[in-house]
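Sequential numbering of the sequence shown, starting at 5, is according to the working numbering.
Quick reminder that beta carbons are idealized off the backbone N, C-alpha and C, glycines included.
Computed from a predicted structure; not experimentally measured.
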Amino acid sequence: MSRKIIHLDLDAFFCAVEEQRDPALSGKPFAVGGRPEQRGVVSSCSYAARQRGVRSAMPMGRALRICPELIVVSGHYKLYSEASHKVMDILRQVTPLLEQVSIDEAFLDVSDLPEPLEALCRRLQAEIHQKVGLPCSLGAATNKLVAKIATDAGKAACLRAGGAPHPPNAITVVPPGEEAAFLRPLPVQALWGVGPKTAERLQGLGIHTIGELADCPAEAMAALFGKHGVGMSRYARGIDEGAVVTEHEAKSISQETTFARDVSDPEALRKTLRQLAAQVGRSLRKAGLKGRTVRLKLRWHDFTTLTRQVTLAEPCDLDEEITQAVLGLFEGVWKPGGLVRLLGVGVNGLTPAVHQLSLWDTPDQKERRLLDALDSLRSRFGENAVQNGRKIKKR
Numbered sequence: 005m006s007r008k009i010i011h012l013d014l015d016a017f018f019c020a021v022e023e024q025r026d027p028a029l030s031g032k033p034f035a036v037g038g039r040p041e042q043r044g045v046v047s048s049c050s051y052a053a054r055q056r057g058v059r060s061a062m063p064m065g066r067a068l069r070i071c072p073e074l075i076v077v078s079g080h081y082k083l084y085s086e087a088s089h090k091v092m093d094i095l096r097q098v099t100p101l102l103e104q105v106s107i108d109e110a111f112l113d114v115s116d117l118p119e120p121l122e123a124l125c126r127r128l129q130a131e132i133h134q135k136v137g138l139p140c141s142l143g144a145a146t147n148k149l150v151a152k153i154a155t156d157a158g159k160a161a162c163l164r165a166g167g168a169p170h171p172p173n174a175i176t177v178v179p180p181g182e183e184a185a186f187l188r189p190l191p192v193q194a195l196w197g198v199g200p201k202t203a204e205r206l207q208g209l210g211i212h213t214i215g216e217l218a219d220c221p222a223e224a225m226a227a228l229f230g231k232h233g234v235g236m237s238r239y240a241r242g243i244d245e246g247a248v249v250t251e252h253e254a255k256s257i258s259q260e261t262t263f264a265r266d267v268s269d270p271e272a273l274r275k276t277l278r279q280l281a282a283q284v285g286r287s288l289r290k291a292g293l294k295g296r297t298v299r300l301k302l303r304w305h306d307f308t309t310l311t312r313q314v315t316l317a318e319p320c321d322l323d324e325e326i327t328q329a330v331l332g333l334f335e336g337v338w339k340p341g342g343l344v345r346l347l348g349v350g351v352n353g354l355t356p357a358v359h360q361l362s363l364w365d366t367p368d369q370k371e372r373r374l375l376d377a378l379d380s381l382r383s384r385f386g387e388n389a390v391q392n393g394r395k396i397k398k399r
């Protein structure tokens with residue numbers, strides 16, 4: 005029996021919630037995100053703004069140059085979280101086999117339900133609109149890959165067909181056995197795992213559509229791209245055996261900050277890295293995790309971004325170990341006089357934290373007890389309740 009998978013995407017989710025909060029925004033070009041003078045970016049934009057060329061992840065300053073009448077709205081993330089929880093609760097009433105991909109996106113495995121896919125999609129769409137007041141688009145197929153692409157293709161088709169700047173509210177169902185035919189005319193970039201570089205390489209081989217990729221022998225794809233080529237070949241034929249995963253394990257924990265103005269002072273940058281490392285350490289301890297690989301992210305003023313990482317001898321969750329590792333990475337890439345726009349610290353290779361008992365305290369155990377106490381104080385009284393001595397200016 006074929007699987008029945010639904011992919012749901014809340015249309016311009018942040019903007020839809022903002023229109024509920026302020027109905028005067030409806031139909032107008034607006035964007036949710038940071039202020040342009042603080043070098044904010046577009047987190048989400050209305051369909052009216054998209055018609056004028058504004059896109060998510062675009063610098064807000066550029067968005068305003070493209071669309072001078074653009075209204076900039078500061079995000080109300082608590083409201084977004086509350087709305088997302090309401091939608092996911094509706095989906096869980098349909099099936100416990102729910103995989104929440106992000107705050108506004110989810111997969112459902114409804115293989116055990118007798119209701120036809122299109123009818124179920126329409127029921128879900130109507131219930132979410134009635135109970136939460138939000139628009140959504142859905143794609144349905146025998147697997148996650150095709151269901152997701154069906155959602156994207158359906159939304160694109162609705163937006164092309166309609167002249168008014170309204171959410172697409174699309175529903176696209178791909179019947180069993182028609183996966184490859186549905187995918188065939190679409191560009192190769194629609195497939196999972198085909199980013200800009202892979203697409204450029206495929207186009208150099210004369211492969212522009214998913215159908216052309218499907219026609220290429222799997223052996224040739226394997227010779228050209230290795231294991232990745234085998235996966236692309238299967239995807240191009242509409243084959244995806246991935247299950248709907250009801251729980252996700254964290255793969256990494258990270259923190260980053262974008263400066264209001266470019267920073268060239270290396271000591272100020274080191275101070276920021278220490279703060280970010282401490283935040284990552286606290287998140288690790290709160291989650292009961294340790295990480296083996298420490299990662300630095302640095303973006304120069306011209307938007308050139310680099311990442312560097314180092315693997316530790318043992319997994320850790322201590323601020324100072326993370327700090328020393330990331331500072332070492334920073335020293336390896338720092339250019340005197342360089343202007344830095346963004347810094348980030350991350351830890352991956354996560355494993356459950358297991359602490360060995362000992363008759364005598366090791367330095368690590370002493371530091372951990374101190375950090376646990378500080379974490380508790382900050383949870384109760386706020387981040388600034390206790391500060392590292394380095395942060396306090398001498399009088």
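What first and last residue would you give for the alpha helix (DSSP H) that runs through residue i?
i: F34; result: Careful: F34 lies outside any alpha helix (DSSP H), inside the beta strand (DSSP E) at F34 to G37.
i: G233; result: K231 to A240
i: Q134; result: L121 to V136
i: L187; result: E183 to L187
Helix, strand or coil for residue i? Go by DSSP, reduced to three states.
i: V330; result: helix
i: C320; result: strand
i: C220; result: coil
i: I211; result: coil
i: G158; result: helix
i: V192; result: helix
i: G65; result: helix
i: A110; result: strand
i: A144; result: strand
i: I257; result: strand
i: P270; result: helix
i: T262; result: strand
i: K8; result: coil
i: I243; result: coil
i: L117; result: coil
i: S362; result: Note that S362 has pLDDT 43, beneath the 50 cutoff, so the model's placement of it is unreliable and the number below is only indicative. Of the three classes helix, strand and coil, the one that applies to S362 here is coil, per DSSP.
i: L381; result: For L381, the pLDDT reaches just 49, beneath the cut-off of 50, and the residue's location in the model is therefore unreliable, leaving the point undetermined.
i: R345; result: strand
i: V105; result: strand
i: R312; result: strand
Tell me where the beta strand (DSSP E) around residue i begins and ends.
i: E86; result: E86 -> not in any beta strand (DSSP E); alpha helix (DSSP H) instead, spanning Y81 to V98.
i: C49; result: V46 to C49
i: E23; result: Taken as a continuous stretch (DSSP letters only), E23 belongs to no beta strand (DSSP E), being part of the alpha helix (DSSP H) at F17 to R25.
i: L29; result: Taken as a continuous stretch (DSSP letters only), L29 belongs to no beta strand (DSSP E), as it is neither H nor E.
i: R43; result: Careful: R43 lies outside any beta strand (DSSP E) and carries neither H nor E.
i: R296; result: L293 to W304
i: T176; result: I175 to V177
i: V198; result: Neither: V198 is in no beta strand (DSSP E) and is coded neither H nor E.
i: V249; result: Neither: V249 is in no beta strand (DSSP E) and is coded neither H nor E.
Ordered along the chain, which non-local residues of its own chain (more than five positions away) have a Cβ less than 7 Å from that of residue i?
i: A61; result: V45 and V46
i: R126; result: I175
i: G65; result: P40
i: H170; result: Y51
i: L361; result: Only weak support is given to the placement of L361: the predicted model assigns it a pLDDT of 41, under 50, and the question is left unresolved by the model.
Considering only C-alpha positions, which residue in the set the options is nearest to residue i?
i: F17; options: L83, G332, L163 and S256; result: L83
i: C19; options: K152, S50, H11 and G215; result: S50
i: A194; options: G38, A52 and Y239; result: Y239
i: R69; options: R56, L273 and G292; result: R56
i: G242; options: L117, V58, P118 and L149; result: L149
i: A203; options: G158, F229 and G181; result: F229
i: L310; options: G348, R289, R278 and E324; result: G348
i: L316; options: S78, Q134 and Q328; result: Q328
i: A87; options: S78, R286, C71 and I107; result: I107
i: N147; options: I211, V105, A247 and P169; result: A247
i: H133; options: I94, L209 and L112; result: I94
i: F186; options: T250, I153 and S115; result: I153
i: L112; options: L288, T250, A53 and L217; result: T250
i: V337; options: V114, G166, R312 and C162; result: R312
i: L138; options: A151, N173 and K159; result: N173
i: P319; options: F334, L288 and K339; result: L288
Excluding the five sequence neighbours on either side, which residues of its own chain have a C-beta within less than 6 Å of the C-beta of residue i, listed in chain order?
i: P63; result: V45
i: V351; result: I257, V284, G295 and V298
i: G215; result: R188
i: L121; result: K8, A144 and V177
i: D13; result: E109, S141 and T155
i: L163; result: P172
i: D365; result: Residue placement at D365 is poorly supported in this model, since its pLDDT is 44, which falls under 50; the coordinates still yield a value, given next. Taken in chain order, the list of residues that qualify is empty.
Can you list, in chain order, the residues of its chain whose CB lies under 8 Å from that of residue i, leaving out five sequence neighbours each side?
i: R25; result: H80 and L83
i: I75; result: L29, K32, P33, F34 and A35
i: L293; result: A254, I257, D321, L354, T355, P356 and A357
i: L346; result: E260, T261, T262, F263, K301, L302, R303 and T309
i: G197; result: H232, G235, M236 and Y239
i: S48; result: A16, F17, F18, C19, A35, V36, G37 and S60
Measure how close the beta-carbons of residue i and residue j come, nearest whole angstrom, since I'm counting them as under 8 Å.
i: V177; j: L128; result: V177 to L128, Cβ: 13 Å. No contact.
i: A281; j: V330; result: 6 Å
i: V234; j: T213; result: Not a contact, Cβ separation roughly 19 Å.
i: K90; j: K135; result: 7 Å
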